[in-house]
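One structure is given below, encoded as structure tokens.
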């Protein structure tokens, strides 16, 4: 099996954009190509995440149009992946596997999405299509609703007072906003306090407004290549050491929303391929669509013991200068969440961190990083372990 | 590189269904599993095509729900592919490449779609999202419009009177309807005549109603496995000898709608991997979304010389008992076109033909078969070469 490296990365500013999905993708893609010292016509395939381009811009089968937009050859397969919010991570994973197998030597993966243009009410409704259409959505469960249930289950299971849990959750929001201030590409760049979170409107008990990530526009792209053939192109190639993907499926299938076999299996697969364990990870970008999602992710990824994440968060272990910095980019919470691009943006951040190019938000001596993305209300889970090469 | 075989296939009746996309898929998948002597829990991954599940049933990220529906393990990645009408062929191709590389030993690929439920007006509008949203659709071009232009370009380029061309196109419709009568799973099972076609309402000059395929509901699935480990399970495994995929991209990029570099490259790639040429093919399922599409496909696939397809069609070369039978299933025209399932259904037909199980529509001594699928107005092209193993 060949070593697969990320040569270069690109990303737009996240937020509210006047650019189309294709224009945003081109911006990110051309930056990634430039970093990689590669031309679009040399790319052998494109793997791209996009979730709701049909509702957003009346566009399906966006991949070949993105390929044309950046000047790729017509002979190069261009494929859209849709795994709800995990779409781009799944696209990156498939790109990595295809290069690892020798099918291709150099490809691009990424994602683009324009959710902010829809406005929050329509975005909420269309996002909800990521839950099971027959068994879940019509019962009235929304994504905030499901993650509200996760919080209640968590508090009950570990006999933690709900107030203590929501305080730790608020700390997640405060930390991620603080990191976002340091990220010039983040959607939100303002500090908030515990009081901001706990004083904000209730969305789905116990989740309040500041427990929830925003809807954003944005795109990100990475160039993925066979290490032997391409590593000399750039000073700091980053190895994709392991990948994992699982399918938790519908909520009705889950015995315990705070622990999911699919997610634990996906992370384990990525760790094992990389030959590392959770304690080897120096920096993590994980799926904090809601603050409670960061809490349970940290446990399912093996970073903290089950039931121990809230205390660790309160101690500051996940802060930029903590034991294991989590979401230095600001996470979905502050960097923003253009659903189909999120996984590629998480990958962008980890690559930049491992290259030591993150300025004020740089995690010291980061050598091994983890990407973790959820699709829907757990439907899909996907992980990548990256390391310096 | 390992040999990859299709162990078993399954397919619902195409037409108008009361079943959900998940239920239809389960029907097809369980048939494919039964044929393959494999259990759902043994499948290591699912690759599934679905195009408009969000408009049809309010469902995105359908793959993990389909995996759960048939009883797959949560550890198994389940991924949705959307390449417009080529979605399922692209899903099958990725499944094949993943097994060939050794990433998996046994997986399922397929597709499911419920377009008929939308009704023709909404289906036409939502389908049109497969064209370029900025440069094409807003100019008023629909899919029938684009393929109408193909017909005019073809007639002008080869100096064929338009009446002669539309007569040959009508013969395509008559042949595919005749084949559909012999296929118990086809959407339309009635013979039509040249007069039926030429007397039907004009849709997009020169395409008339009977030049156009219907909107259908349906699902199809195939089990794909490493030959060495699994070939003994079934009496007649079918080898996936070659695959190809290209990205023609938007119409504005095409110099000549009757010839496309992407499609010719995709077919060439599939032929070369399989070590065969167009003259070795015994049976073809190709993308006859409109009758003119069958004409130009036959030439871009190398079956007939450029400009020679209409004559060959008039001679009966593509009939069930002709030199090279095309769309024995009835094609999209008569078997029906549940967009996200179409490529898997084409694969189903070729597998059944190569196993000699097609009864009255059996192509004599078929040993090598070709699948050809278009996504959108050429955006994506995908090919598979199958042969007896």
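Protein chains in written order, with our numbering: chain A, 72 to 460; chain B, 72 to 460.
For each residue, glycine too, the CB sits at the ideal point set by N, CA and C.
Small disclaimer: the values here were computed from a predicted structure and weren't measured.
Which class does residue 327 of chain B belong to by DSSP, given the choice of helix, strand or coil?
Counted from its first residue, the second chain places residue 327 of chain B at position 256. In the structure shown, residue 327 of chain B sits in coil (DSSP, three-state: anything other than H, G, I, E or B).
Can you confirm whether residue 132 of chain A, when its beta carbon is compared against all beta carbons of chain B, has any partner nearer than 8 Å?
Counting from 1 along the first chain, the entry for residue 132 of chain A is found at position 61. Chain B contact via Cβ: present.
Around the Cβ of residue 353 of chain B, are there at least 16 other Cβ atoms within 10 angstroms (buried) or fewer (exposed)?
Position 282 of the second chain, counting from 1, holds the residue named residue 353 of chain B. By the 10 Å Cβ count, residue 353 of chain B comes out buried.
Would you list the residues sitting across from residue 154 of chain B in a DSSP beta bridge?
Looking up residue 154 of chain B in the second chain gives position 83. As a beta-bridge residue in DSSP terms, residue 154 of chain B pairs with B:156.
Tell me whether residue 165 of chain A is buried or exposed, calling it buried when 16 or more other Cβ atoms sit within 10 Å of its Cβ.
By 1-based counting over the first chain, the position of residue 165 of chain A is 94. Label assigned to residue 165 of chain A: buried.
Unbroken beta strand (DSSP E) run spanning residue 442 of chain B, endpoints:
Stepping through the second chain from its first residue, residue 442 of chain B is reached at position 371. First-last of the beta strand (DSSP E) with residue 442 of chain B: 439-446.
Might you give, ordered along the chain, the residues of its own chain that have their beta carbon closer than 7 Å to the beta carbon of residue 367 of chain B, omitting 5 neighbours on each side?
Here residue 367 of chain B refers to the residue found at position 296 of the second chain. If we look at residue 367 of chain B and ignore the five residues flanking it on each side, its Cβ neighbours are 221, 225, 329.
Any heavy atom of the ligand NAP inside 7 Å of the beta-carbon of residue 420 of chain B?
Absent from the structure shown: the ligand NAP. Ligands present: none.
Contacts of residue 324 of chain A in chain B (Cβ-Cβ under 8 Å)
Taking the first chain and counting its residues from 1, the one referred to as residue 324 of chain A is at position 253. Those within 8 Å of residue 324 of chain A in chain B are 139, 145.
Return the residues of the region 203-220 of chain B that lie within a Cβ-Cβ distance of less than 8 Å from chain A, sorted by chain order.
Those residues of the region 203-220 of chain B that come within reach of chain A (Cβ to Cβ, closer than 8 Å) are 203, 204, 205, 208.
For residue 398 of chain B, count the other beta carbons within 10 Å of its own beta carbon; 16 or more makes it buried, fewer makes it exposed. Which is it?
The count along the second chain starts at 1 and reaches residue 398 of chain B at position 327. Classification of residue 398 of chain B: buried, given that the 10 Å Cβ count is 16 or more.
Can you give me the start and stop residues for the beta strand (DSSP E) that residue 357 of chain B sits inside?
As a working note, residue 357 of chain B is residue 286 in the second chain. Counting along the chain, residue 357 of chain B falls outside any beta strand (DSSP E), and DSSP gives it neither H nor E.
Count the CB pairs spanning the region 229-239 of chain A and the region 378-390 of chain A that are closer than 8 Å, and state whether there are at least three.
Enough Cβ pairs lie closer than 8 Å, so yes.
Consult DSSP for residue 275 of chain B and reduce its assignment to one of helix, strand or coil.
Counted from its first residue, the second chain places residue 275 of chain B at position 204. If DSSP states are grouped into helix, strand and coil, residue 275 of chain B belongs with the strands.
Can you look up residue 451 of chain B in the DSSP assignment and give me helix, strand or coil?
Here residue 451 of chain B refers to the residue found at position 380 of the second chain. DSSP, reduced to helix, strand and coil, places residue 451 of chain B within a strand of the structure shown.
Determine the DSSP secondary structure at residue 391 of chain A, reduced to helix, strand or coil.
Along the first chain, read from residue 1 onward, the residue named residue 391 of chain A stands at position 320. It is coil, neither helix nor strand.
With a cut-off of 8 Å on the beta carbons, I'd call residue 155 of chain A and residue 145 of chain B a contact; round off their distance for me.
Walking along the first chain from the start, residue 155 of chain A turns up at place 84. Walking along the second chain from the start, residue 145 of chain B turns up at place 74. So it is not a contact: roughly 16 Å between Cβ atoms.
Per DSSP, what kind of secondary structure is residue 92 of chain B in: helix, strand or coil?
Here residue 92 of chain B is taken as the residue at index 21 of the second chain, counted from 1. Of the three classes helix, strand and coil, the one that applies to residue 92 of chain B here is helix, per DSSP.
Go through its chain and collect everything with a Cβ distance to residue 284 of chain A's Cβ below 6 Å, but skip five positions before and after it.
For the purposes of this step, residue 284 of chain A is taken as residue 213 along the first chain, with counting starting at 1. Cβ neighbours of residue 284 of chain A beyond the five flanking positions: 360, 403, 404, 408.
Any beta carbon from chain A within less than 8 Å of residue 466 of chain B's own beta carbon?
Nothing can be reported for residue 466 of chain B, as the shown portion of chain B is limited to 72 through 460.
I'd like to check one pair, residue 298 of chain A with residue 455 of chain A: are the Cβ atoms closer than 8 Å?
As a working mapping, residue 455 of chain A is identified with position 384 in the first chain. As a working mapping, residue 298 of chain A is identified with position 227 in the first chain. No; because the gap between Cβ atoms is not below 8 Å, this pair is not in contact.
Quick one, which of B:167, B:293, B:253 has its alpha-carbon nearest residue 33 of chain B's?
Look at the range of chain B in this structure, 72 to 460, and you will see that residue 33 of chain B is not part of it.
Buried or exposed for residue 201 of chain B, going by 16 or more other Cβ atoms inside 10 Å?
Along the second chain, one-based indexing puts residue 201 of chain B at 130. Residue 201 of chain B is classed as buried because its beta carbon has at least 16 other beta carbons within 10 Å across all chains shown.
Among A:310, A:128, A:231, A:327, nearest to residue 90 of chain A - alpha-carbon criterion
Taking the first chain and counting its residues from 1, the one referred to as residue 90 of chain A is at position 19. Comparing Cα positions, the closest option is A:128.
What does residue 201 of chain B reach in chain A if we use C-beta pairs closer than 8 Å?
Here residue 201 of chain B corresponds to residue number 130 of the second chain, with the count starting at 1. Simply 131, 132.
The region 268-287 of chain A touching the region 315-322 of chain A, judged by at least three CB pairs closer than 8 Å
Fewer than three Cβ pairs drawn from the region 268-287 of chain A and the region 315-322 of chain A lie within less than 8 Å of each other, which leaves the two stretches out of contact.
Quick one: Cα of residue 123 of chain B to Cα of residue 169 of chain B, how far?
Counted from its first residue, the second chain places residue 123 of chain B at position 52. Counted from its first residue, the second chain places residue 169 of chain B at position 98. Distance between the alpha carbons of residue 123 of chain B and residue 169 of chain B: 25 Å.
Any idea what DSSP makes of residue 414 of chain A, helix, strand or coil?
Counting from 1 along the first chain, the entry for residue 414 of chain A is found at position 343. Residue 414 of chain A: helix per DSSP, three-state reduction.
Interface residues of chain A facing residue 168 of chain B [CB-CB closer than 9 Å]
The residue labelled residue 168 of chain B in the question sits at position 97 within the second chain. Within chain A, the residues near residue 168 of chain B are 168, 169, 172, 174.
Relative to the C-alpha of residue 161 of chain A, which candidate in A:449, A:415, A:339 has its C-alpha closest?
Position 90 of the first chain, counted from the start, is the residue given in the question as residue 161 of chain A. Per the C-alpha coordinates, the member of A:449, A:415, A:339 positioned closest to residue 161 of chain A is A:415.
Residues of chain A with CB closer than 8 Å to the CB of residue 125 of chain B, please, in chain order.
For the purposes of this step, residue 125 of chain B is identified with residue 54 of the second chain, where counting begins at 1. In chain order: 123, 125, 126, 197, 200.
According to DSSP, which residues form a beta bridge with residue 489 of chain A?
Past the boundaries of the shown model lies residue 489 of chain A; chain A is included only from 72 to 460, so the question cannot be answered.
Would you list the one or two residues that DSSP bridges to residue 184 of chain A?
Locating residue 184 of chain A in the first chain gives position 113, counting from the first residue. According to DSSP, residue 184 of chain A bridges with A:289.
Using a beta-carbon distance cut-off of less than 7 Å, what residues from the region 250-275 of chain A approach chain B?
Look at the region 250-275 of chain A: it has no residue with a C-beta under 7 Å from a C-beta of chain B.
Decide yes or no for the touch test of the region 130-147 of chain A against the region 96-116 of chain A: beta carbon pairs closer than 8 Å, at least 3 of them.
Yes, the region 130-147 of chain A touches the region 96-116 of chain A.
For the 8 Å Cβ check, are there 3 or more pairs between the region 176-188 of chain A and the region 210-217 of chain A?
The region 176-188 of chain A is not in contact with the region 210-217 of chain A.
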